[in-house]
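Please read the structure below before turning to the comments.
In full-length UniProt numbering, the protein residues as written are 1 to 203.
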């Protein structure tokens, strides 16, 4: 098996490998952990994670890094052309929460989705880094950084800006090394949630 780190765009035939990698990498991601706190993580992994992957493969872009064909890190990049998509996502999350007001993860998901839609930069089009995670056993080996470097270079060449919210100070430093800068105010989620740090990449 080769050990040279590579970055590639995932396709539909990568679905099973993506799901396996994301099931390993996502549970301790700061926002996901906060949303699912005190509830079975399998609910997210079995119900919502496939939706994220299918949407990313169908209408957005999923970029991964790894070696020997094995996925070490994965990222989901949304194409955001107007505020309509953000508003629609927030409305869907709120609808789910209203159907089951006693399910705390749905309430937290609606809260953060509405917050992000409200605070998202109104400069279009741009790419939105919705999620980037690394499988635990491969952390510290540069896979996440390789994805960021690959994508920021491509975005710069295309004249396309990008946006994200860092969920830890450590991750914000990684993003800063690849050209993202802090913008606006930070947002600390309730119930001892993480602090989200808005960052913008100017192509």
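Every residue, glycine too, gets a C-beta built ideally from N, C-alpha and C.
Query                                                                                                   : Result
Through-space distance from residue 192 to residue 96, alpha-carbon basis                               : 23 Å
C-beta contact flag for residue 200 and residue 125 at 8 Å                                              : no
Nearest-angstrom Cβ-Cβ length linking residue 7 and residue 146, presumed shorter than 8 Å              : 5 Å
Beta carbon of residue 196 nearer than 8 Å to that of residue 167                                       : yes
Backbone secondary structure at residue 1 - three-state DSSP                                            : Caution is warranted here: a pLDDT of 44 is assigned to residue 1, below 50, making its placement in the model unreliable, and no coordinate value can be reported.
Sequence-distant residues of its chain with Cβ nearer than 6 Å to residue 198 (five each side left out) : 165, 183, 184
Alpha-carbon spacing of residue 89 relative to residue 158, whole angstroms                             : 27 Å
Whole-angstrom distance between residue 71 and residue 1, CA atom to CA atom                            : At residue 1, the pLDDT of 44 sits below 50, so the modelled position is not reliable and the matter cannot be decided from this model.
CA nearest to the CA of residue 58, picked from 143, 92, 113, 9                                         : 9
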